[in-house]
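Going line by line, the protein sequences match chains Z and C. Here the first sequence stands for residues 92 to 397, numbered as in my numbering. Here the second sequence stands for residues 2 to 288, numbered as in my numbering. For every residue, glycine included, the Cβ atom is placed at its ideal position computed from N, Cα and C.
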Amino acid sequence: MSAINQRLSSWGLNSPAARRNITGYIFISPFILGVLIWFLVPAATAGWLTFQKWNLITAPRFVGLDNIENLFEDELFLQSLKVTTMYTLVAVPLGLVLSFFIALLLNTKIRGISIYRTVYYLPSIVPAVASAVLWAFILNSEFGLLNAGLRAVGLPKILWLQEPEWALPALILMSLWGLGATMVIYLAGLQGIPDVYYEAAEIDGAGAGNKLIHVTIPLLSPVIFFNLVMGIIASFQIFTAGYLITSGGPQNATLFYVLYLYRAGFLHLKMGYAAALAWVLFIIIMGLTVLIFKYVGSMIYYEDTR
Amino acid sequence: MLKNVGQRTLIQLILLVGAILMALPFLWMVSSSLKHELHIFQFPPQIIPNPIRWLNYPEALANPNAMPFHIYVKNTVIIVIVREAAVLLSASFCAYGFARLRFVGRDIWFGIVLATMMVPYIVLMVPTYVLFARLQWIDTFLPLTVPWFFGGGAFNIFLLRQFFRTIPEELADAARIDGCNEYAIYARILMPLAKPGLIAVAIFTFIDGWNDFMGPLLYLNSPENYTVALGLALFRAAVGAFGSAGGRARWDWLMAASTAMVIPVILVFFALQRYFVKGVVMTGLKG
């Protein structure tokens with residue numbers, strides 16, 4: 092023990108401050124190692140892969156910028172980018188607004204509220220695969236629930252999964268079933284707003300609409316912002332529904348970006364090309380996040396900066 | 002807050018309609034899972050199946066066209082249990098450092114924790130696969146468990162750090178005066194007191210592990226190593242298309258298998274609901 096202490100003090104590591112630092116880094120060392128092994132090593136590998144042609148079996152071959160140049164001539168790449176962007180542009184705002192609206196209603200004190208909260212939340216924890224199998228059935232043009240509903244009110248059936256113009260809307264509809272995950276974060280935020288703010292607004296003569304615009308939305312803006320950023324990041328990574336329900340079809344109408352990336356890497360074994368696709372996705376998501384932070388972030392109201 | 006009865010009724014009504022829409026897919030799944038094959042194709046659809054056919058469940062879960070599901074369940078349970086141990090130990094250990102210790106660079110590292118929550122991990126899918134292939138871990142459970150020993154996920158570190166910060170410092174100070182070092186304070190004082198937070202993390206870890214599809218899809222090849230999520234996808238491919246399994250798509254079996262996969266998640270939710278809520282509130286973006 093004393094030998095160790097001597098060694099430590101000879102390095103200047105035996106002062107209380109140094110020992111505190113060592114203890115601190117020992118505690119967070121699993122995370123630091125994790126970042127190195129599962130983040131920095133793959134990121135460096137991805138950088139190297141981008142300049143290789145490699146099918147995982149034969150030796151990788153350096154091809155310079157070929158993978159990146161090929162991107163711009165690849166129609167499927169552009170198609171997948173278009174599909175994912177359209178999906179994000181519709182599904183994210185729709186989900187954000189709808190879940191916010193439901194959270195507002197669920198933040199009232201009416202009878203049966205805890206049952207309602209459960210019913211709205213539960214679909215969001217249903218496993219993605221079970222949800223995909225279920226929705227493949229619901230959207231089935233012959234025997235599905237959705238077309239049975241249309242038929243019951245006298246409307247013609249829609250070929251949800253066979254017609255290119257309907258497949259993406261169908262998957263957006265399906266995504267709304269899982270809005271409980273966003274809703275519950277709003278709800279937690281709403282419950283953190285003290286009643287005194289509303290009481291003060293009422294004394295000033297504010298109605299329900301004014302309270303929403305001048306109290307609820309400003310105080311909830313960090314939560315809205317969080318849901319927006321996370322919603323976009325998640326939306327660009329959508330995979331399971333396109334993979335299991337539509338296989339990217341019909342006519343590539345639901346060829347999501349990650350589905351195309353997955354196929355490039357693991358179906359066609361073009362690891363270098365898949366890495367190039369991944370970099371593009373990374374740049375898009377990072378770029379969007381930075382833009383949102385810059386332009387929307389300044390509109391956020393922070394109650395106190397601790 | 003709500004003064005008049007009209008407003009109250011309107012909210013009730015909207016919530017009721019919405020709740021029916023949210024519940025319908027569930028009811029449809031369960032109802033279809035108990036229908037006779039022929040009643041699946043009937044219009045208008047039966048709401049309560051007549052006759053109720055429980056046999057769909059054993060037929061789906063041990064089907065000659067696919068692997069029996071108990072193998073998938075066994076695999077998933079092994080993966081989830083190892084992951085729980087990894088996450089609970091590793092995330093709480095890191096969280097203690099961030100919540101209770103002062104050291105040079107702590108806030109920078111915590112910033113990195115928060116930043117990694119926003120990394121789109123799917124962009125690392127290919128190089129991570131290459132890494133696991135080099136390690137010869139493909140078609141083993143190692144890629145689905147080992148990484149969780151390294152911090153247990155940024156979200157869990159964040160959640161537990163928030164939780165640790167709510168526990169009064171005085172308890173630890175008293176232990177320090179009695180000669181306890183930080184490791185003892187972490188293990189003997191903070192961990193027992195953080196039980197609700199740990200349970201919340203355990204629930205999230207269970208649901209993530211049980212539901213995970215991408216991980217098993219990438220790293221597991223042989224059906225006898227498949228998890229429930231992957232097994233259900235395989236089962237759909239086997240009996241879900243026209244002409245497969247010698248005839249029609251068997252939606253009755255598929256709904257039975259899907260229902261069976263959902264049940265454990267729902268049970269965990271209802272059994273541990275209050276911890277669930279606590280977990281969500283904890284990460285309610287404050288502090």
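Requested in this report: Compare the C-beta of S223/C with all C-beta atoms of chain Z and state if any pair is closer than 9 angstroms.
Outcome: Taking Cβ atoms only, chain Z never reaches closer than 9 angstroms to S223/C, which makes this a no.
**Report entry** chain C within 9 angstroms of M321/Z, Cβ atoms only
**Finding:** yes
Query raised in the report: Using a Cβ-Cβ distance under 9 angstroms, would P193/C count as near chain Z?
Result: no
Query - CB contact check: I41/C to chain Z, cutoff 9 angstroms - result: I41/C counts as touching chain Z.
Requested in this report: Could you give the DSSP three-state label for K36/C: helix, strand or coil?
Outcome: coil
Query raised in the report: Taking buried to mean at least 16 other C-beta atoms within 10 Å of its own C-beta, is E183/C buried or exposed?
Result: buried
Requested in this report: Select from Y276/C, R249/C and A195/C the residue whose C-alpha is nearest the C-alpha of F205/C.
Outcome: Y276/C
Requested in this report: Return helix, strand or coil for K279/C, following the three-state DSSP convention.
Outcome: helix
Query raised in the report: Does the separation of the CB atoms of Y348/Z and V174/Z fall below 9 angstroms?
Result: Taking 9 angstroms as the cut-off, the Cβ atoms of Y348/Z and V174/Z count as close.
Query raised in the report: Based on Cα-Cα distance, which residue from V381/Z, T209/Z, M274/Z and L185/Z lies nearest to L311/Z?
Result: Minimum Cα-Cα distance from L311/Z among the listed residues V381/Z, T209/Z, M274/Z and L185/Z corresponds to M274/Z.
Query raised in the report: Within this structure, are the beta carbons of V183/Z and G322/Z separated by less than 9 angstroms?
Result: Cβ distance < 9 angstroms, so V183/Z and G322/Z count as in contact.
**Report entry** Rounded separation between I336/Z and V224/Z - CA only
**Finding:** So the alpha carbons of these two residues sit roughly 7 angstroms apart.
Report task. Please name the residues in the region 360-382 of chain Z whose beta-carbon is closer than 8 angstroms to at least one beta-carbon of chain C, in chain order. Result -> M362, A365, A366, A369, W370, L372, F373, I376 and T380
Query raised in the report: If we cut at 9 angstroms on Cβ distances, does V244/Z have a partner in chain C?
Result: no
Query raised in the report: Beta carbon of N226/C: closer than 8 angstroms to some heavy atom of the ligand FAD?
Result: Absent from the structure shown: the ligand FAD. Ligands present: none.
Query raised in the report: Where does F153/Z fall in DSSP's three states?
Result: strand
**Report entry** Euclidean distance between Cα positions of A20/C and W29/C
**Finding:** In a straight line, the C-alpha of A20/C is about 14 angstroms away from that of W29/C.
Query - Rounded straight-line distance, which links the Cα of I201/Z to that of G296/Z - result: 24 angstroms
Requested in this report: Evaluate W149/C with the Cβ neighbour count: other Cβ atoms within 10 Å of its Cβ, from every protein chain shown; 16 or more gives buried, anything less gives exposed.
Outcome: buried
**Report entry** Beta-carbon separation (whole angstroms), I158/C vs A92/C, contact threshold 8 angstroms
**Finding:** 5 angstroms
Query raised in the report: Hey, would you say L132/C sits closer than 9 angstroms to L143/C, going by beta carbons?
Result: no
Query - Which of helix, strand or coil DSSP assigns to Q47/C - result: Here Q47/C carries a coil assignment [DSSP, helix/strand/coil].
Query raised in the report: What does DSSP give as the partner residues of K144/Z in its beta bridges?
Result: In DSSP, K144/Z forms a bridge with R152/Z.
**Report entry** Burial state of P255/Z (16 or more Cβ within 10 Å)
**Finding:** By the Cβ neighbour-count rule, P255/Z is exposed, with fewer than 16 other Cβ atoms within 10 Å of its own.
Report task. Compare the beta carbon distance of T141/Z and S326/Z with 9 angstroms and say whether it is the shorter of the two. Result -> With respect to S326/Z, T141/Z sits apart: the two C-beta atoms are not nearer than 9 angstroms.
Requested in this report: Starting from the C-beta of L231/C, find all residues in its chain whose C-beta is less than 8 angstroms away, skip the five residues before and the five after it, and write them out in chain order.
Outcome: Y73, F214, P217, L218 and L221
Query raised in the report: For a contact meaning CB atoms closer than 8 angstroms, what does V210/Z contact in chain C?
Result: A20, M23 and A24
Query raised in the report: Applying a beta-carbon distance threshold of less than 9 angstroms, which residues of chain C neighbour T114/Z?
Result: G98, L102, F104, N182, E183 and Y184
Requested in this report: Give the single residue among I117/Z, I391/Z and V126/Z whose Cα lies nearest to the Cα of P309/Z.
Outcome: I391/Z
Query raised in the report: Going by C-alpha distance, which of N5/C, V281/C and F44/C is nearest V244/Z?
Result: F44/C
Report task. Mind listing the chain C neighbours of G356/Z? Cutoff is C-beta to C-beta under 8 angstroms, in chain order. Result -> M126, V127 and Y130
**Report entry** Start-to-end residues for the alpha helix (DSSP H) that takes in S171/Z
**Finding:** E166 to L197
Query raised in the report: What's the gap between the Cα of D157/Z and the Cα of K144/Z?
Result: 9 angstroms
Requested in this report: List the residues of chain C whose Cβ lies closer than 7 angstroms to the Cβ of Q328/Z, in chain order.
Outcome: P121 and I123
Report task. Verify whether the separation of the beta carbon atoms of M262/C and S34/C is less than 9 angstroms. Result -> no
Requested in this report: To the nearest angstrom, report how far apart T345/Z and S215/Z are at their CA atoms.
Outcome: 22 angstroms
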